[in-house]
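Step one of this worksheet: look at the structure below.
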Amino acid sequence: MIEYALFFASSCYGVALLLDLWRITVGPSAADRILALDTMVINVIALLVLYGIWRGTAIYFEAAMLIAMVGFVSTVAYCRFLLRGDIIE
Amino acid sequence: MSLGGGFLFLIALLPFVGALVPGLMIRAGRNACAVSTAVPTILALTMLSILAPGVLRGEVVQAEIDWLPQLGLSASFFLDGLGLLFAGMILGVGLLITLYARFYLSSEDPMGQFYTYLLLFQGAMLGIVISDNILLLLIFWELTSLSSFLLIGYWKHLPEGRQGARMALAVTGAGGLAMIAGMLILGNIAGSYNLTDILQAGDEIRASEWYLTALVLILLGAFTKSAQFPFHFWLPHAMAAPTPVSAYLHSATMVKAGVFLMARMWPVLAGTDAWFYIVATTGLVTMILGALIALFKDDLKALLAFSTVSHLGLLTMLLGFGTQAAAVAAVFHIINHLTFKAALFMTAGIIDHETHTRDIKRLGGLRQLMPITFLIGTIAALSMAGIPLFNGFLSKEMMLEEASHTDWLGSHYAVPILATLGALLSVAYSFRFVSHVFLGPVRDDYPSKPHDPPFGMWAAPALLALLVIIIGVAPFLAEGIVTSAANAVTGADLHPHLKIWHGVTPALWMSAIATAGGAVLLSQHPKLDPLWNAAKRPEAKVIFDKLVAAIVSTCRAITEVTHNGAISRYLAIFTATSVVLGWLAYASGGLPAPTRELLPVAPVIFVGWIMVIVATLSIVIMHHHRFRALVLIGIIGLSISAGFAYLSAPDLALTQISVETVTIMLLLLALHFMPKVTPKESSLGLKLRDGAIALAAGCGVAALSYAFLMRDVETISGYHLDNSYEGGGGTNVVNVILVDFRGYDTFGEIIVLGIAGLVIFALMHALLDGPAARRLINMDYSRDRSKDRHPLMMVVVTRVLMPIAIVVGLYIFLRGHNEPGGGFVAGLVIAIALLMQYMASGFAWTQERKRIEYHTMIGLGVIIAGLTGVGSWLAGAPFLTSAFTYIHLPPIEEFELATAMLFDLGVFLTVLGAVMLMLYSLSRIARFAGETVNVEPMSFDPGEQDEEKATP
Amino acid sequence: MHWIILPVVLPALLAPLIGFVMRHDITLARVASMTGTVLLVAIALGLTALASDGVTHIYRLGDWPAPFGIVLVLDRLSALMVLLTSTLALIVLIHAIATGWDARGRHFHALFQFQLMGICGAFLTGDVFNLFVFFEVLLIASYGLMIHSGGKARMQAGLQYVVMNLAGSTLFLFALGTLYAATGTLNLADLAIRVPEIAAEESALVRVAAILLMIVFAVKAALFPVQFWLPATYSNAPAPVAALFAIMTKVGAYAILRVHTTAFGPGMPGIEGLAGNWLFPAAIVTIAVGAFGVLGSRHLTPLIAFSVVGSMGTLLVAVAAFSPTATTAALYYMVHSTFAAACLFLIADLVVTRRTSDVLYPEPATVQNGLFAALFFAGAIAMAGMPPLSGFLGKLLVLDALREPGLIGWAWTAILVGSLLTIVGFARAGSTLFWKSTALPVPQEDGTDAVAAAMPATSTQVAPVMLSLAVLAALAIFAGPVSNFLEETSAQLFDRAGYVNAVLGPVEER
Amino acid sequence: MLPRLIPHPLLSLTLVLVWFGLVNTFTLGNLILGAFFGIVIPMITAAYWPNRPTIARPLKIAEYILIVLWDIVVANVQVAMIILFKPEPDIRSQWIPIPLELTSAEAITVLAGTITMTPGTLSATLSSDGKAILVHCLHTDDPDTVREEIKARYERRLQEIFP
Amino acid sequence: MEIIVASSIGVLTAGGVYMLLRLRTFPVILGIALLSYAVNVFLFASGRLAIDQSPILSPYGEANYTDPLPQALVLTAIVISFGMTAVLVMIGLGAYLEAENDRIDVDLEEANNASETGTRV
Amino acid sequence: MNFFAELLVSLALVISGVFGFVGSYGLVKLKNTLQRLHAPTKATTLGVGGVLVASMIFFYAKTGHVSVHELLITLFLFLTAPITAYFIASAYLVRNLREDDLPKNEGDFGWSIYNDPPEPDPDR
Ligand code: NA
Ligand code: NA
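And the structure:
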């Protein structure tokens, strides 16, 4: 049963990633692209955790956590660039 | 080594050692300078005269020291008749020239330099004539080119001097290089570069298939040096040199180096048709052409120069005949030409010096004003004309004698007639020298009123003139040296008898015709001169200059078209080369059969694949919007690190994603100062070219990786898996490899990071101290910026988030040895945590709160890592040998301590320091560009305002 | 027995101290840097003495056995290269300090030491990936030195230099990936065992690796068609840096010698004739490129840079023969051309700083015109391969070593015609700079004229040039003993079995 | 003394918990290590958090968290419906400015965060004096209800937590 | 999987090379970045591909592990290329600020004329 | 692992999957940027939340001892998501809207993006 659930969930996130990709490429506004990238990060985190469950290992947990962290930082950086130009003024 | 050998070395060495002296002695005055120059020459002469008797008896003095045996180059010298003759000439004339120059050079001329160059040249020249190793000979040969370059260009400020020097260097240098090749071939045939060995191997060489090549190459060297047609043109231009130089180099010695070489190689190279037709013909042509031109030159020195060319031609022709008698004649004429021509040059110098002109048309009637000079000049000139009782006559007779029975392409008359013509012309210009300069009425329009020079100046030519007569009337005095020299040339045992009267021979008739004809021709000179000047002839110098100019501009064009500063093209070439060569290498080898199955692909992975490809293509398509491209790069980083995690590389996943983030930060920071869009400027053609290259590269790399992905290979990493825990004390094999098995790589790697930090810091300073600073200050951010500089929410959240991030960083560091993580990732995580703080409240504000010395941090990191490595020396183990132990102190559970962790700490500090130093440098630039430093952590804190109100 | 690592560890520990502790005190930094360099020379001498016993000395880092850990290998060749590096470094450093170049920007000495560390590391390592790492170390340090003290032209040239080398490093990694995928090892000795075992019909991957590595090294060695970057870089680099870079091209040549004799040596079925086939013609063209550049340059420093390209061509022609004799010649020429190039760049610095530009155009004679002329003349004849300095012998050695009828025609023509063009080029430049200038009126001492204001060069400023000329002279005088050593060096280089046994231990122990 | 040793007790506690979250095993050694970090790190970073927000009635915090979590679940479903089934043109988004009584930065942050995390509303920006917040509402017909609900449901409670 | 990886490497390389050959500094930097992605994956792939065989020694006895060495090499490569990229970015910025344009090709004609002080030799 | 646990895990996974999808679907469907900004909060909250809950239950059921580090990620996301949204919104407002496109603030200061903050009193 879990296998199917895993498959369903990962497929959902796979499709989600493709939708994000579409949004990034078409934009139109820079904010849209950043938003889509941020969403992508979230989806990848979910996928990593799913993968961890599938493989029954916690090895990918750090990756997920780190991605969450740097994802946030880079999103803020992108936005600050649009807002102020200098991201660490 | 014999005493004689020792002398030989000294003779070769003295001039070079002596060359140092004049430069220093000049402070002691011109006389001291001249004397100090004469001393080594005199010493050498004395030693030579000590050796002379033996050599004249037919002995050969030899001396050898190994120099470069691998090459077959040895410092070996030998002195035989030929060497003795030339050495004597070089030293003797050298001495006279030294004396003469002392009075000739004016006080403005740097005399020390002159004598230094002179001695250098003398040494080089001596080296040529006594070398017993052709490679050594080559060295001296090139040295004569160089030192003559300096001597001809002695009057640097005169364009003629500079151009003459460059021309001489180019022509003789080219010849010299050709000769190098020829000599090497010769040596390879003979199996030795020793002259004595080569002289033995004559038949072998003449038989070799390479003979003609070697011959031509060597003759190129000889002809250029001895100004043989068509290389004769450089010599007159070399006359721009001071007269002593012309007298020494361009009549007595250097130009005879070619002749010497032909004489030297005579036993080896001569005697074949190739030799006869090339050498004799060239000589004949040169003789006539030189004489003809000389006749119509108005510049005294030019006249003498071309007469020299003509006489060199004569000598070449004689050697070309290849008969022993001709060789004897050549040797004898060498001596005679030396005496009268040097005397003539000095006379010309005196006239120039006294009248301040060398233009024959402005001279005449000097007989009355300068009787001594007249006497000397006339004697020398008559000898040059070949008038009996002067030595020139004797050797000319012998020449005509040889010419009279030499066939050329089956014709009996060609050579005799042409030889006579040559003699005739030489009579004409010799007489012209006397009559147009000395005879005739005294004029009142000399640029300066002439009179005989001081004794010192005419002593030298007078001595030579005396020799002219002595040899002329008592030739048997010269028999000894001529014999030994001739024997050295021919390698035979000859006993020539030099007599004035040979009876009525064809030669006598020929020279009679020549003399009479010459006189007649001269009488017609006034009529012929305008015709000659009107006649169109190719001007050698013009052609040469045009040629050089053409070559230079071609080289310049090629260079500037190929190295035009277009790095994009360089890179295209580089990539294309790699692809093409890589493909050729691949195609010329084969592949074993695949040994692996394809791994299954989960659908999500397929999605990741699409993400990478779409992102890459989008970047390529819309990279003109730079910010957009940066966002798109994010996708790739994300997908790749996810992919790494999926493909069992958690460490890579962590590192990739954090590096990617920091990189993007740096790019954003830089983009802030740069244009936000890339102009569309590359043409369609360019795009297609690059597209094609890119496509090829992509396919190549893909194919390559696919090729090995399907094939297993036995690798060394099994050892790492087996020994990671027992030997390295860690279960994360990757990290153990990094900090232990290949810790040395990591050591280098963190040093790269440390250097990067330094470079960026230094660069920042270079920018802020330079003109860039002005541009930065004038930079304006007029475009709509948010007024909310440090949003309240961000600041507040960071206050919690940053400490958490730091804990995460420390965690990742501590577990790195056994689980994914390690110093590098940890360093980046902490850096990112700090970045959060910077983005919340600004770099400057944060820095003011807590100053961290990033330089020190990097230094500390590198040093800790280094010392950890060095520490293992104490244990007698090699650099970076790790040690670890498990500590157990209840109630805490067992934990591990490893030196590798100390090393990792170094890594950690370096990474953190480097990243921070980069950010620091960038924010320094930003503040230079007018960013202000905020005093508050956030744009506006309503809470604090209220506290204000609450507490009046 | 830790001698072997010292050339790496000493600067690696000294540089941070200079860069981070002494960064506010140039005098202290100078003293430290000078001391370190002198020590390095001493160490290098020690290592050369150590290596001259003919034994291949091994240093196992982390005490891990080869091929699993990284080993340093000290044989005559690596010792020679380290000695060459340190000597050159000392000469250059004196110039940098005497002329104050080091104070015209930040962190000169730290970067200088790091640079030395990188170069020595590259010469000593026995592991191809470690070679990559130290290439990067020396490169990134060289980036810093290249743009030292900044300025528009230098910054742009620096940018191009960095980009070119980043491309090179990327290719290096592609090559190493292919190599590991094909052989499963990174250790040179291990490669020397595994590569010959690869059958010709299964050799595609290793062939690709070999040729890609060749290209990577060729970029460093300025071999056609990847030499384009060099002139702009060298002529825009600060003079002492340009002089130091004389060794950088040699790093490329060394790498080709080392890797393509030991790992991809002649007589291996898999990569038969791969290296030489491409190297030889490319080297011939390189000579031409260099010679044309020398004759065609409008500026002094590019002229010298092109002469460096030409000399690399000559050097690589000899290398391409992959025979002990030719390698001996190549090594001799390598040592010679390193000092010749450095010498010329240092002279050029003395001259150009006393002129308004380095355009080959007569300007009123500067102070010490005669001295500079003499020095330039000496440097030029060395570089052009004229006697009496070592260039001529080097040239003869190379010519003499290339006796195969196939080679003679092209090689000899290229080398001889090349040196003729070079001679003429230098002669023209020299006569313009030093002779023509004497014809011009010396400007009034109104201080406005840069040339008039030029200070005479101090003896310490001239000393480095003199030193390098002295080295060149010594190289010529003691050519015999020197090439004895070099002959043994190349013999050792071509003794693959000896190398393998030294690194991996005798066959039965493996 | 204590305030200087532990400037932000809650933060310290969080860090200890975070540490356990990371190591994911409860051992004495980890407790010691965690406690160490919990004390040291806030001390090092104290400079970046100058003022000390006073927190009254910690129990309220738990209540608040539960309420928010519940709202998140509910609102998620509602919004999911809108996104999935509501035809695009019928979606009426609104700007809703909300004046604030809250004054402490921390409180305002929490409120804004809550608004964003509960789907359907989004705090887009504050007024430059931090006394009002501009909320974007995905779909509503009367903004006033939304404003009232936010003020009543969250802001009031936060006022109690951060007096 | 192998095809996926190989083709991704190919695409990244192609994109990287194309960008590397552009005429402005910034795209070139992007090209270098793409290339380093490509080469990192390439180097990683030289250890062949494996799923769920992380080289973290498991406490429970025997297990299969992927080749750890290439991973270590890639880590080193990543770090180095990070340092290099950082320097490249800064020098690019420096060149832009000095030259007031971010063309990466230098027009030597221009440079020559700038430094011309007279006719050629 | 007992059926109940499996059921819970599967349920959580399905829920998570659905909301994860909805988040990105909204990103595509909704017509203007600010509306789109609402969508991903689904993925963040219930999406990832669901997966993490699933993971916690799964590992508890598998190994027997509680795994809490999933909570870390949750904490992280809850702390950061509002900021992310705030920044993206501001970025959009700055680049695409002017102040008068927005409703006026009753207070005496305009919205922070378009207006400088009030001067802090000089004596502080
Ligand atoms: Na590391
Ligand atoms: Na690493």
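Residue numbers (my numbering), protein chains in the order written: chain G, 1154 to 1242; chain L, 1098 to 2049; chain C, 3 to 512; chain X, 153 to 315; chain B, 3 to 123; chain Y, 28 to 151. All C-beta atoms in this analysis are idealised placements derived from N, C-alpha and C, irrespective of residue type, glycine included. Computed from a prediction, not measured in an experiment: that's the story for all the values here.
Pairing E102(B) with T68(Y), the inter-Cα distance amounts to about 44 Å. Taken atom to atom, the span from the alpha-carbon of E4(B) to that of F137(C) is near 31 Å. When only Cα atoms are considered, A224(C) and A1422(L) end up about 57 Å apart.
Beta-bridge pairing by DSSP links C289(X) to Q246(X), T273(X).
T127(C) is bridged by DSSP to L74(C). For D1163(L), the enclosing beta strand (DSSP E) has its first and last residue at 1158-1165.
CA-CA distance, H1721(L) to L25(B), rounds to 11 Å. Under the three-state reduction of DSSP output, D104(B) falls in the coil class, being neither helix nor strand. Cβ atoms of G1270(L) and F1113(L) stay farther apart than 8 Å, at about 21 Å. When C-beta atoms of the region 61-79 of chain C are compared with those of the region 1969-1988 of chain L, three or more pairs fall below 8 Å, so the two segments count as touching. Annotation: T1350(L) is outside any alpha helix (DSSP H) and is labelled neither H nor E by DSSP. Listed along chain G, no residue sits closer than 8 Å to Y1803(L) by beta-carbon distance, the nearest being about 24 Å off. When the alpha-carbon of L188(C) is set against those of A332(C), T235(C), N132(C), P240(C), the nearest one is in N132(C). In the DSSP assignment, the residues bridged to V1774(L) are H1722(L). Counting along the chain, H26(C) sits inside no alpha helix (DSSP H), nor does DSSP assign it H or E at all. Closest by C-alpha distance to L1219(G), out of R1693(L), P1888(L), I1927(L), is I1927(L). Among the CB atoms of chain B, one or more fall inside 8 Å of the CB of P1868(L). When the beta-carbon positions are compared, L49(C) and W5(C) come within less than 8 Å of each other.
DSSP places S205(C) outside both helix and strand once states are collapsed to three, so it counts as coil.
Comparing C-alpha distances from G267(C) to each of I45(C), Y501(C), I20(C), P18(C) shows the shortest one belongs to Y501(C). Annotation: the continuous alpha helix (DSSP H) that includes E33(Y) extends over 30-56. Apart from the 5 residues on each side of it in sequence, S1171(L) sits with its Cβ closer than 6 Å to the Cβ of E1161, D1163, W1164, N1230 in its chain, given in chain order.
Neighbourhood of H4(C) in chain L, by CB distance below 8 Å: W1970, P1975, F1976, in chain order. By alpha-carbon distance to Q463(C), the top candidate from S144(C), A285(C), W231(C), L373(C) is L373(C). DSSP places S256(X) outside both helix and strand once states are collapsed to three, so it counts as coil.
Taking C-beta separations shorter than 7 Å and ignoring five residues to either side along the sequence, the partners of L1873(L) in its chain run I2022, F2025, A2026, following chain order. G408(C) and L399(C) have their C-alpha atoms spaced approximately 18 Å apart.
Interface annotation, D1239(G): in contact with chain L, CB-CB separation under 8 Å.
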